[in-house]
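S.K.: Quick one: this structure, given as structure tokens, is what I'll be asking you about.
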Amino acid sequence: MEKLMLDMHWFLGRFRKLYFMALPENEADYEKSRRRYIVGDAAAQTIAQLAGGTFLVSLMLSVGFSDAQAGVLTSAASLAALFQLFTMKRVNHLKKRKLFICLMTVQKLYLAFIFFIPLLPASGNVRQLLVMVGFFVGQVCAQVGTPATQDWIASLVPARLRGNYFSRKDAVCVFVTVTMMLLSGILMDATAGERQNTGFLLNGSMILILVILNAWAFSCMKEPRQGEITAEGKEVHGKLKSKYSKKERVHNRNLLAEMRDAFGKDDFRMAFTLTLLWQTSFYCAAPFNASYQLGELGMPFAFIMVIGFLGNMLRIAITPLMGRLGDRHGMAFLYKYSLGGILLYFVFFALATPSNAYPMVILGTVCSALGWSFAGIGLFGVQLELLEEGKRDLQLSILSALSGVYGFLVSFAAGCLLDFLQRVLILLPGKRLYAQQFTNMLGAWFLLITILYLKFKVQKRERQSSAHTSC
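Each residue of the sequence shown is one higher than the one before, counting from 1219 in our numbering.
Here it is in structure tokens:
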């Protein structure tokens, strides 16, 4: 019994040291934590792809969902970001967030579990219910932990290195994700038909391993956030906390008060407007281009997979260079030009017809690769510059939740518009205008507005901030 108690005390001591006393002590600790984050985020992004898209739709169809039901359920995943609004206050009050983030990461096991459901001896209705609940709970936990995770890595990367670091991270993540998706796709094709459940078992097992890798990598990272500090500058832990009074009292403010406070700041409103402009341009066009290639343009699936893989290889090759340029010239400056690449992608797809599909899709894919080499990094970098550092995770929660719901609504409205245009035969002089050509031009138009907003509003603020800092 005494040995058991000693083992328990040893375990609790190690647990507290790992999750509550993991302060980085030198630059080597910071660098090691940044490398661990790349490993964890590569696993997280791969999990999102293996538990979504074609793999998820195939699972849903196998348990009896219709095409329409599967589409609604996958789109509704973006609504999970709403739960950030209900948890952000509690998370913001946590002095140490490492354990919370790791617990939310482990909950992604639900996304592995849903691929084992077809193997269960249960009725179709029970399987459908389990898939819905497991998928939605997994998505909610992933979304709830995201703002705190983003704030964590932002605190580990100095502003002057963000472009270079996030570009390297993005290149590694894209390579790992594309490779794992290709492997999983091959396995799913090889087990199609009567052995489909074997394919689901293999895909779920891959997700399970990636969840463990994700949680391990985050657990090995250091956390710069500090709790109570003594007069000597040392962090206080355990029972000693009661001897020290808090320097700042956290006011118990409700959700509406926090949102009013955030929207009362010019920088937050600028970040919010920029995010909504981007969401509008992306969701009114991009979600419908895959079906456009397969349907109206009549392109073979093999060609789409190969050209997409080559496009991602190009993106990986140039992403590190784009990151260094972002550090040198500013996030908003380079983000503006990366959006120009995505704008050209929309334009080429708007010009694509069955007679010229191959050259237009190839040109569009190249432009998309050039644009995406910095688009995600640039938006996140601009958001970090505009959000208040002390309330960064809280404001990221508000931004992510509201923009996630907005993106879903834009996608839903664009889908309704697409259905209407497909029912109405639109003819230009001697040529038919396809519905996706219209949505792509709409996306290009909103991207042009986004680029102008970046140039005349965000970059102006960035220059003023730089001038103020230099003074």
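For each residue, glycine too, the CB sits at the ideal point set by N, CA and C.
List in chain order: all unbroken alpha helix (DSSP H) runs of 4+ residues lying wholly within the region 1306-1392.
M.R.: 1316-1324, 1327-1331 and 1342-1374
S.K.: Buried or exposed, going by whether 16 or more other CB atoms sit within 10 Å of the CB of Arg1610?
M.R.: In the sequence shown, residue 1610 corresponds to position 392, counting from 1. Label assigned to Arg1610: buried.
S.K.: In this structure, does DSSP put Lys1649 in helix, strand or coil?
M.R.: Position 431 of the sequence shown, counted from the first residue, corresponds to residue 1649. Strand at Lys1649.
S.K.: Which full runs of the beta strand (DSSP E) of 3+ residues lie inside the region 1471-1503, going along the chain?
M.R.: none
S.K.: Is the beta carbon of Ser1411 less than 7 angstroms from the beta carbon of Asp1545?
M.R.: Counted from its first residue, the sequence shown places residue 1411 at position 193. Counted from its first residue, the sequence shown places residue 1545 at position 327. The sequence given here has Gly at residue 1411, not Ser. Cβ distance not < 7 angstroms, so Gly1411 and Asp1545 don't count as in contact.
S.K.: Would Gln1682 be called buried (16 or more neighbouring beta carbons within 10 Å of its own) or exposed?
M.R.: Looking up residue 1682 in the sequence shown gives position 464. Around the beta-carbon of Gln1682, fewer than 16 other beta-carbon atoms lie within 10 Å, marking it exposed.
S.K.: Using a Cβ-Cβ cutoff of less than 8 angstroms, which residues in the same chain neighbour Pro1336 once the five nearest sequence positions on both sides are dropped?
M.R.: Your numbering for residue 1336 matches position 118 in the sequence shown. Closer than 8 angstroms at the Cβ level, and outside the excluded window around Pro1336, lie Leu1277, Ser1280, Val1281, Arg1345, Gln1414, Asn1415 and Phe1418.
S.K.: How do the region 1364-1381 and the region 1599-1619 stand: do at least 3 beta-carbon pairs fall below 8 angstroms, yes or no?
M.R.: yes
S.K.: Taking contact to mean at least 3 C-beta pairs separated by less than 8 angstroms, is the region 1316-1332 in contact with the region 1378-1394?
M.R.: no
S.K.: For Gly1596, which three-state DSSP category applies?
M.R.: Position 378 of the sequence shown, counting from 1, holds the residue named residue 1596. DSSP places Gly1596 in helix when its eight states are reduced to three.
S.K.: Taking DSSP as the reference, what is the three-state secondary structure of Cys1438?
M.R.: Within the sequence shown, residue 1438 is the residue found at index 220, counting from 1. In this structure, Cys1438 counts as coil in the three-state DSSP scheme.
S.K.: Measuring only the C-alpha atoms, how far is Tyr1248 from Pro1577?
M.R.: Looking up residue 1248 in the sequence shown gives position 30. Looking up residue 1577 in the sequence shown gives position 359. Between Tyr1248 and Pro1577, the C-alpha separation is close to 46 angstroms.
S.K.: If you draw a straight line from the C-alpha of Gly1270 to the C-alpha of Leu1224, how long is it?
M.R.: Locating residue 1270 in the sequence shown gives position 52, where the first residue counts as 1. Locating residue 1224 in the sequence shown gives position 6, where the first residue counts as 1. Each residue's alpha carbon lies about 45 angstroms from the other.
S.K.: Could you name the residues of the same chain whose beta carbon sits closer than 6 angstroms to that of Arg1348, not counting the 5 residues immediately before and after it, in chain order?
M.R.: Counting from one through the sequence shown, the residue named residue 1348 turns up at place 130. Note on residue identity: the sequence assigns Leu, not Arg, to residue 1348. If we look at Leu1348 and ignore the five residues flanking it on each side, its Cβ neighbours are Ile1335.
S.K.: Could I get the ranges of all uninterrupted beta strand (DSSP E) runs contained in the region 1561-1649, with 3 residues as the minimum, in chain order?
M.R.: 1644-1646
S.K.: I need the DSSP call for Phe1283, collapsed to helix, strand or coil.
M.R.: Position 65 of the sequence shown holds residue 1283. Residue state, collapsed to three classes: coil.
S.K.: What residue range does the alpha helix (DSSP H) around Gly1258 cover?
M.R.: Position 40 of the sequence shown holds residue 1258. Unbroken alpha helix (DSSP H) run through Gly1258: Glu1245 to Leu1268.
S.K.: When the Cα of Phe1674 is compared with those of Leu1317, Leu1492, Asn1244 and Gln1361, which residue comes out closest?
M.R.: Here the question's residue 1674 lines up with position 456 in the sequence shown. Checking every option, the nearest Cα to that of Phe1674 belongs to Leu1492.
S.K.: Report yes if the CB atom of Thr1364 is closer than 7 angstroms to the CB atom of Leu1495, and no otherwise.
M.R.: Taking the sequence shown and counting its residues from 1, the one referred to as residue 1364 is at position 146. Taking the sequence shown and counting its residues from 1, the one referred to as residue 1495 is at position 277. No; because the gap between Cβ atoms is not below 7 angstroms, this pair is not in contact.
S.K.: Could you check the C-alpha separation between Phe1521 and Val1584 for me, to the nearest Å?
M.R.: Position 303 of the sequence shown, counted from the first residue, corresponds to residue 1521. Position 366 of the sequence shown, counted from the first residue, corresponds to residue 1584. Between Phe1521 and Val1584, the C-alpha separation is close to 14 angstroms.
S.K.: Where does Ala1240 fall in DSSP's three states?
M.R.: By one-based count along the sequence shown, residue 1240 stands at place 22. Reduced to three states, the DSSP call for Ala1240 is coil.
S.K.: Alpha carbon to alpha carbon, how far is Lys1235 from Gln1361?
M.R.: Reading the sequence shown from its first residue, position 17 is the one you call residue 1235. Reading the sequence shown from its first residue, position 143 is the one you call residue 1361. Using only the alpha carbons, I get a separation of about 27 angstroms.
S.K.: Three or more beta-carbon pairs under 8 angstroms between the region 1585-1596 and the region 1250-1263, yes or no?
M.R.: no
S.K.: Go ahead and pull the three-state DSSP assignment for Pro1518.
M.R.: Numbered from 1 along the sequence shown, position 300 holds the residue referred to as residue 1518. In the structure shown, Pro1518 sits in coil (DSSP, three-state: anything other than H, G, I, E or B).
S.K.: Consult DSSP for Ala1299 and reduce its assignment to one of helix, strand or coil.
M.R.: Looking up residue 1299 in the sequence shown gives position 81. Helix.
S.K.: Return the first residue and the last residue of the alpha helix (DSSP H) that Ala1508 is part of.
M.R.: Here residue 1508 corresponds to residue number 290 of the sequence shown, with the count starting at 1. Asn1507 to Leu1512 is the extent of the alpha helix (DSSP H) around Ala1508.
S.K.: Looking at Asn1421: is its Cβ nearer than 7 angstroms to the Cβ of Phe1333?
M.R.: On the sequence shown, residue 1421 is found 203 positions in, with the first residue counted as 1. On the sequence shown, residue 1333 is found 115 positions in, with the first residue counted as 1. Closer than 7 angstroms, so yes.
S.K.: Can you give the Cα-Cα distance for Leu1222 and Phe1229, rounded to whole angstroms?
M.R.: Translated into the one-based positions of the sequence shown, residue 1222 becomes position 4. Translated into the one-based positions of the sequence shown, residue 1229 becomes position 11. Cα-Cα distance, rounded: 10 angstroms.
S.K.: Can you tell me the Cα-Cα spacing of Ala1489 and Tyr1624, whole angstroms?
M.R.: The residue labelled residue 1489 in the question sits at position 271 within the sequence shown. The residue labelled residue 1624 in the question sits at position 406 within the sequence shown. Spanning the two alpha carbons is a distance of roughly 15 angstroms.
S.K.: How big is the Cα-Cα spacing for Ala1535 and Ala1389?
M.R.: Taking the first residue of the sequence shown as 1, we reach residue 1535 at position 317. Taking the first residue of the sequence shown as 1, we reach residue 1389 at position 171. Taken atom to atom, the span from the alpha-carbon of Ala1535 to that of Ala1389 is near 8 angstroms.
S.K.: Using a Cβ-Cβ cut-off of 8 angstroms (strictly less than) and excluding sequence neighbours within five positions of Ala1575, which residues of its own chain qualify?
M.R.: The residue you call residue 1575 lines up with position 357 of the sequence shown. A distance below 8 angstroms between beta-carbons, with the five flanking residues on each side excluded, links Ala1575 to the following residues of its chain, in chain order: Gln1511, Leu1515, Gly1516 and Met1517.
S.K.: Which same chain residues, not among the five before or five after Ala1246, have their C-beta less than 8 angstroms away from its C-beta?
M.R.: Looking up residue 1246 in the sequence shown gives position 28. No residues qualify anywhere along the chain.
S.K.: Looking only at its chain, what residues have a beta carbon closer than 8 angstroms to the beta carbon of Ser1402, apart from the 5 residues adjacent to it on each side?
M.R.: Counting from one through the sequence shown, the residue named residue 1402 turns up at place 184. Counting only Cβ-Cβ distances below 8 angstroms, and skipping sequence neighbours, we find Leu1268, Phe1273, Leu1420, Asn1421 and Met1424.
S.K.: Classify Val1524 as buried or exposed, calling it buried when 16 or more other Cβ atoms lie within 10 Å of its own Cβ.
M.R.: The count along the sequence shown starts at 1 and reaches residue 1524 at position 306. By the Cβ neighbour-count rule, Val1524 is exposed, with fewer than 16 other Cβ atoms within 10 Å of its own.
S.K.: Please go through the same chain and pick out, in chain order, the residues whose beta-carbon is closer than 6 angstroms to the beta-carbon of Met1659, but skip the five residues on each side of it.
M.R.: Sequence index remark: in the sequence shown, residue 1659 carries index 441 (1-based). Within the same chain, Met1659 has close Cβ partners Ala1568.
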